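Report on one structure; see the data block that follows.
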Amino acid sequence: MKQIGVLALQGAVREHAQMLEAIGCKVVLVKHMKDLAELDGLVLPGGESTTMRKLLNHYELLEPIRVLAQQGLPMFGTCAGLILLAKEVIGYESHIGVMDVVVARNSFGRQVDSFEICLDIPAIGEAISAVFIRAPHIISVGEGVEILAQHDGKIVLARDGHLLGCSFHPELTTDSRILEYFVTSMV
Ligand code: GLN
Numbered sequence: 002m003k004q005i006g007v008l009a010l011q012g013a014v015r016e017h018a019q020m021l022e023a024i025g026c027k028v029v030l031v032k033h034m035k036d037l038a039e040l041d042g043l044v045l046p047g048g049e050s051t052t053m054r055k056l057l058n059h060y061e062l063l064e065p066i067r068v069l070a071q072q073g074l075p076m077f078g079t080c081a082g083l084i085l086l087a088k089e090v091i092g093y094e095s096h097i098g099v100m101d102v103v104v105a106r107n108s109f110g111r112q113v114d115s116f117e118i119c120l121d122i123p124a125i126g127e128a129i130s131a132v133f134i135r136a137p138h139i140i141s142v143g144e145g146v147e148i149l150a151q152h153d154g155k156i157v158l159a160r161d162g163h164l165l166g167c168s169f170h171p172e173l174t175t176d177s178r179i180l181e182y183f184v185t186s187m188v
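Per our numbering, the very first residue in the sequence shown carries number 2; after that it's consecutive.
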């Protein structure tokens, strides 16, 4: 059974854990460095990236997660998690800074403008539900980064080798296909 960590500092932790369990993974909630041992993959959930950054500093997790990413541990960042992974964040300092993308925060309006759509993602499937909540988007990608989905002309899902990042919240729907893609084709 694959052992997947969910960064459990803040945000949509429980929803990711439930969906990962439903698709047959063993979930480890990651709050301390010891929780990072023996993971096959790590999910960084959505929430608030500036808050998560403070907590990553507080729990001394930033550097250990960066090192694991550099060593090739598969990681999936959703929404704020994508912001944490990105090498560059417009107007802010980067955080883990390992995925070769430039992101902008809050690209789709305010909290009240949150919305759900269906995305056709050729590499994964058709009509996949996606919930956007004050979502970031990917402005540009480095060489070798695969653009997997766009919405309104904006990149919302991309893969940089063992790193996957999306603007939206797959875990807030009942559609587990993107998490399954991560677990089966990347982990
Ligand atoms: N707006 C949040 C941020 O910057 C991300 C929102 C989310 O994860 N739903 O970090």
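Note that beta-carbon positions come from the ideal geometry of N, C-alpha and C, so glycine has one too. Here the structure is a predicted model, which means the values were calculated and not measured.
Item                                                                                                           : Value
Bridge partners - Gln151, DSSP secondary structure assignment                                                  : Ile156
Secondary structure, beta strand (DSSP E): runs of 3+ residues fully inside the region 19-90                   : 27-31, 42-45, 76-79, 87-90
Cβ shell of Leu86 (< 7 angstroms), same chain only, five flanking positions each side left out                 : Leu45, Met76, Gly78, Ile97, Val99, Met100, Leu164, Gly166
Local conformation of Leu120 per DSSP, three classes                                                           : strand
Distance cut-off 7 angstroms: Ala105 Cβ against heavy atoms of the ligand GLN                                  : no
Whole-number beta carbon distance between Ser108 and His138, since they are thought to touch under 8 angstroms : 4 angstroms
Top-ranked residue by Cα proximity to Leu120, from Gly143, Gln151, Gly48                                       : Gln151
Asp114, DSSP secondary structure in three states                                                               : helix
Among Lys3, Ile5, Gln19, the one whose alpha carbon lies nearest that of Ser177                                : Gln19
N- and C-terminal bounds of the alpha helix (DSSP H) containing Phe179                                         : Going by the sequence as given, residue 179 is Ile instead of Phe. Per DSSP, Ile179 belongs to the alpha helix (DSSP H) from 178-182.
Leu69 to Leu43 span [Cα, whole Å]                                                                              : 10 angstroms
Identity of the residue in Leu37, Val104, Val132, Val103 nearest Val113 by Cα                                  : Val132
Residue burial classification, Glu181 (beta-carbon count within 10 angstroms, cutoff 16)                       : buried
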